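A.B. asks:
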Amino acid sequence: MPPPKKLLKVKTGCVTCKIRKVKCDEGKPQCSRCTDTGRKCDGYRASTEITSRPKKLPDQASLLVVLSPIKNASALSSDLRDDEKLWLAYFSSRAGPELSGLIDRDFWSRMLPQLSLREAPVRYAILAFSTSHAASASAFPQKISIQYYCQAISSLQSRINNGCTDMEVPLACCLLFVCLECLQVDRTGMLNQLQNGLNILDSMQSHDQDGQFIAVFKQKLRQIFARLDGQSTLLGKPVPTSPNAFCPTASQEAFADLFEAQLSLDDISSRSLNFVRHTNDSTVPGDRWPTVSQSLAQSRLQEQLLVWRLRLEKTVSSGGDDRAAKLLQIQGIASFIYLGACFQPLEMRYDAYRSDFVALIAAAESVLSESLPTFTLDVGIILPLYLTAYKCRDPQLRRKAIDLLQSFRGREGMWDSFIHSRIARRIVEIEESGMLIARYGATCAAMEQPPSTFMETDNSAVLTQWPEEQFRVADVELHRGPGEASLAKLVITVPAPGVPVGTEWIRWEEELVVPDVARVIE
1 MPPPKKLLKV KTGCVTCKIR KVKCDEGKPQ CSRCTDTGRK CDGYRASTEI
51 TSRPKKLPDQ ASLLVVLSPI KNASALSSDL RDDEKLWLAY FSSRAGPELS
101 GLIDRDFWSR MLPQLSLREA PVRYAILAFS TSHAASASAF PQKISIQYYC
151 QAISSLQSRI NNGCTDMEVP LACCLLFVCL ECLQVDRTGM LNQLQNGLNI
201 LDSMQSHDQD GQFIAVFKQK LRQIFARLDG QSTLLGKPVP TSPNAFCPTA
251 SQEAFADLFE AQLSLDDISS RSLNFVRHTN DSTVPGDRWP TVSQSLAQSR
301 LQEQLLVWRL RLEKTVSSGG DDRAAKLLQI QGIASFIYLG ACFQPLEMRY
351 DAYRSDFVAL IAAAESVLSE SLPTFTLDVG IILPLYLTAY KCRDPQLRRK
401 AIDLLQSFRG REGMWDSFIH SRIARRIVEI EESGMLIARY GATCAAMEQP
451 PSTFMETDNS AVLTQWPEEQ FRVADVELHR GPGEASLAKL VITVPAPGVP
501 VGTEWIRWEE ELVVPDVARV IE
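Right, dumping it as structure tokens:
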């Protein structure tokens, strides 16, 4: 005969305190334990008895490894359905920590799920992302995600209709929608949601009555959106008319921690990206020689990156996560190269940064020696490795970068490591086949048509030579429709034959078909 079920008495107190498992002061109509910390007190219910054994969860539970901070799906509010408890726990233990990368997981794994327990729009947005995240690793239907997304929108609208003016909830939803658009490979949708969030930020004010939780939550949101805004210039988002390249002289002391180092790099990198984009947009192709003021601005930004690198080294030497520090180092090196090469008109300008590419590859090999999250929101390691594979013409270094990209099989925002490894490989094929065409006596006019694939042909000869300027790819544009993970169009630009290098270019389009490889979220 099976033993009788044990009964757990529900402690008295408001719903919010019982969910948080903290002692409630039972103040009426709202307890001060909630209001003093900026939380919404959800009131009181009559005490009842419940069994400790939860109902059987759906089959999707096999996708979930339940970890802290939401340790058990069944421990969540009884107002939630079993599947909602499952997906909230999934986000807290798996999808949220992945989004954060290696630094500052507190916002994604604790603060956002905590807010979702009392704010329905955030909860539905988390459920939409969690189900979509799981669908990318299994046959779980995407229509569930769409249903939750619609519920989030409807709940937000109801909130507005009821006169709620707190902006942290719609802003948190907007951030989760950005994540969803990235999962769906919808660049336009992602940029639109990002702009919506930036508009909300402009109108959001900090209030003295904000509790500590809400004040910190708003600060985290501002930091995340500022980082995404800076990175979005790489996706074609317009830059400020006169981007600011100046900031107060930074301390040369070690950072307090790696999160402070990340915030500092975010600021410098954002201003550097805006500076490069603004400079390129305001100059004629092939005529990028800087004005005196532009040279001074570039020098200041480069100096700030070098000081940042010195401070990071001091931080690591005094203790800290060496792997996370190396990831920041990779991003800092990539920003330094991208900024330093922005004015010179020829592709050979990147040759001077070989030692930086060597350091970048060494750090990347160290970071990838252990598994990384396979979907994060921020730029991490993919773009720096792609920059190396594309712009570093050392045959061995660029092949290492391609191998690392291909083995990673991860996604960072809108960037897919496998797809970018295929693009980089195609660039190498074009550049090195041009060398082979010249070597075997063909005329440069052969470059008027997309050249054949020669990457493996006469490999021993190619691996010791750097392609000459006339064979180097000047630009590659990637065009993908929403959800088109396996099909893309490349627009490739190379120097035109028969004219001085850097004066005219030819362009052609190619389809890039990516095999339907399993991008399993591990």
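Residue numbers (full-length UniProt numbering): 1 to 522. Ideal placement from N, C-alpha and C gives every residue a C-beta, glycine not left out. Here the structure is a predicted model, which means the values were calculated and not measured.
Sort out for me which residues DSSP pairs T376 with in a bridge.
C.D. replies: Paired residues: E412.
A.B. asks: Taking contact to mean 3 or more Cβ pairs, one atom from each stretch, closer than 8 angstroms, check whether the stretch 404-417 and the stretch 180-192 are in contact.
C.D. replies: Result yes; three or more Cβ-Cβ pairs closer than 8 angstroms.
A.B. asks: Going by the CB atoms, is the gap between S116 and S92 shorter than 7 angstroms?
C.D. replies: It is not a contact, given that the beta carbons lie outside the stated cut-off.
A.B. asks: Within the same chain, show all residues whose beta-carbon is closer than 6 angstroms to that of D104, passing over the 5 residues directly before and after it, in chain order.
C.D. replies: Answer for D104: F259, listed in chain order.
A.B. asks: If you follow the alpha helix (DSSP H) that V473 is part of, which residue opens it and which one closes it?
C.D. replies: Counting along the chain, V473 falls outside any alpha helix (DSSP H), and DSSP gives it neither H nor E.
A.B. asks: For the beta strand (DSSP E) containing W505, name the first residue and the last one.
C.D. replies: W505 to V513 is the extent of the beta strand (DSSP E) around W505.
A.B. asks: Indicate whether the contact test is met: 3 or more Cβ pairs, each with one atom in the stretch 330-343 and one in the stretch 382-402, closer than 8 angstroms.
C.D. replies: Yes, since at least three Cβ pairs between the stretch 330-343 and the stretch 382-402 fall closer than 8 angstroms, the two stretches touch.
A.B. asks: So what does DSSP say about L490, is it helix, strand or coil?
C.D. replies: Reduced to three states, the DSSP call for L490 is strand.
A.B. asks: Taking contact to mean 3 or more Cβ pairs, one atom from each stretch, closer than 8 angstroms, check whether the stretch 293-306 and the stretch 350-360 are in contact.
C.D. replies: They do not touch, by the three-pair rule.
A.B. asks: Identify the residues that DSSP records as bridge partners of P495: which are they?
C.D. replies: P495 is bridged to W505.
A.B. asks: Anyone know if the C-beta pair for V379 and K326 falls short of 7 angstroms?
C.D. replies: Not a contact, by the Cβ cut-off of 7 angstroms.
A.B. asks: Using a threshold of 7 angstroms, state whether the C-beta atoms of A135 and Q142 are closer than that.
C.D. replies: Their beta carbons are under 7 angstroms apart, which means A135 touches Q142 by this criterion.
A.B. asks: Between R507 and the rest of its own chain, which residues show a CB-CB distance below 7 angstroms, the 5 nearest in sequence each way excluded?
C.D. replies: So the list reads V491, I492 and T493, once near-sequence residues are dropped.
A.B. asks: Jot down the residue ranges of each uninterrupted alpha helix (DSSP H) in the stretch 75-154, minimum 4 residues, whole runs only, in chain order.
C.D. replies: Those alpha helix (DSSP H) runs which fall completely within the stretch 75-154 and span 4+ residues are 82-90, 96-100, 112-116 and 120-135.
A.B. asks: Compute the Euclidean distance between the alpha carbons of V10 and T35, then round it to the nearest angstrom.
C.D. replies: Low per-residue confidence applies at V10: pLDDT is 40, beneath 50, and the placement is therefore not dependable, though the value from the model is reported in the following sentence. Taking the straight line joining both Cα atoms gives about 22 angstroms.
A.B. asks: Distance check for G502 and T443, CA to CA, integer angstroms please.
C.D. replies: The predicted model places T443 with a pLDDT of 40, which falls under 50 and marks its position as unreliable; any figure quoted below should be read in that light. Those two C-alpha atoms are separated by around 19 angstroms.
A.B. asks: Excluding the 5 residues flanking Q298 on each side, which residues of the same chain have their C-beta closer than 8 angstroms to its C-beta?
C.D. replies: Counting only Cβ-Cβ distances below 8 angstroms, and skipping sequence neighbours, we find A245, F275, P290, L339, G340, C342 and F343.
A.B. asks: Does the Cβ of F454 have 16 or more other Cβ atoms within 10 Å, making it buried, or fewer, making it exposed?
C.D. replies: Residue confidence for F454 is low, a pLDDT of 42 falling below 50, so the modelled location carries little weight; the figure read from the coordinates is stated next. F454 comes out buried.
A.B. asks: Taking C-beta to C-beta, are K237 and F107 nearer than 7 angstroms?
C.D. replies: Not a contact, by the Cβ cut-off of 7 angstroms.
A.B. asks: Can the beta-carbon of S433 be found closer than 7 angstroms to that of I402?
C.D. replies: Cβ distance not < 7 angstroms, so S433 and I402 don't count as in contact.
A.B. asks: Can F255 and R311 be called in contact, C-beta distance under 7 angstroms?
C.D. replies: Yes, they are a contact pair.
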